[in-house]
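J.:
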Amino acid sequence: MKIMKSFKLTKTLYSFIFVLIFWYLLHISVKTAAIPSPYETIVNFVEIFPQKLSLHLGASMGRVFLALGISIVLGSMIGIWTGISPKADSMISPLVYLLYPIPKIAFLPILMILFGLGDLPKILLIVIIIIFQFTMAARDGVKEIPRELTYSVKSLGLTKPQMYLHLVIPAILPKIITTARISLGAAVSVLFFAENFATTYGIGYFIMNQWAMVNYKEMFSGILALSLAGFVIFLIIDLIENIVCKWVQQGRQE
């Protein structure tokens with residue numbers, strides 16, 4: 000276990016070093032203020048993070064976490080229902096297949112008209128984009144449960160709540176966590192776009208505002224903050240997986 004952690008740490012450090020080297024080479028080759036050096040950006044990041052950048056990043060991460068939590072709960076509930084009930088699957092799955100490919104980011108103006116200019120339309124926009132992924136992940140996870148295992152659990156006399164707790168939820172958890180990793184990128188991308196409208200706090204607003212003001216150091220500091228936040232969130236997801244899906248980690252080690 001210690002060897003695996005050391006290996007992951009080594010890969011992480013290698014990735015950071017690779018990005019910094021590429022960034023520096025780009026800086027010296029382009030020779031423009033639009034690409035500040037890594038050193039200048041990191042110094043600026045440390046200077047503005049406590050009182051300025053942290054407020055924008057905190058506002059964005061709050062929206063992302065809230066939208067992600069709503070999508071996981073509602074999407075999983077709908078997915079479990081469709082996975083267990085053939086009738087529900089026949090009604091809901093065609094709707095998902097029909098609605099999922101639609102570029103729902105275009106709904107932002109409608110959501111802002113209906114729900115105002117605050118956080119709610121931005122959160123709802125993320126939810127309606129990523130909830131379908133959790134629905135399909137939960138549905139497929141339920142359908143992949145072997146019938147023999149279901150019969151064995153029923154033979155033990157477990158109640159429905161116990162079956163959900165000890166069979167259904169453990170079966171879909173790995174897929175839900177994987178989907179959370181995939182959906183995180185989409186959620187941040189959508190929020191970056193949405194925060195450019197009727198927003199005073201948000202990392203998307205901050206980056207684009209600094210770009211408009213030709214303040215490239217702070218713009219890159221915002222990009223750096225967003226990258227580090229994404230990295231930390233992925234670490235948190237990995238930690239959650241290690242805690243709630245121990246059997247998955249054991250299987251990978253074997």
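Residue numbers for the sequence shown follow numbering that gives the first Met the number 0, so the first one is 0 and each next one is one higher. For every residue, glycine included, the Cβ atom is placed at its ideal position computed from N, Cα and C.
(1) Extract the residue ranges of the alpha helix (DSSP H) inside the segment 69-126, only unbroken runs of 4 or more that lie entirely within it.
(2) Buried or exposed, going by whether 16 or more other CB atoms sit within 10 Å of the CB of Asn-43?
(3) Quick one, are the C-beta atoms of Thr-134 and Gly-68 less than 8 Å apart?
(4) Among residues of its own chain, excluding the 5 on either side of Ser-220, which ones have a beta-carbon nearer than 7 Å to its beta-carbon?
(5) With a 10 Å radius around its C-beta and 16 neighbouring C-beta atoms as the bar for buried, classify His-165 as buried or exposed.
(6) Are there three or more Cβ pairs, one per stretch, closer than 8 Å when the segment 172-190 is compared with the segment 130-147?
(7) With C-beta atoms as the reference, is Ser-92 less than 8 Å away from Thr-81?
(8) With 16 other CB atoms within 10 Å as the buried threshold, where does Leu-148 fall?
(9) Select from Tyr-23, Val-95, Ile-125 the residue whose C-alpha is nearest the C-alpha of Ser-36.
(10) For the pair the segment 94-106 and the segment 154-162, tell me if three or more CB-CB distances fall below 8 Å.
T.: The answer reads as follows:
(1) 85-98, 107-114
(2) buried
(3) no
(4) Thr-40, Asn-43, Phe-44, Ile-47, Leu-52
(5) exposed
(6) yes
(7) yes
(8) exposed
(9) Tyr-23
(10) no
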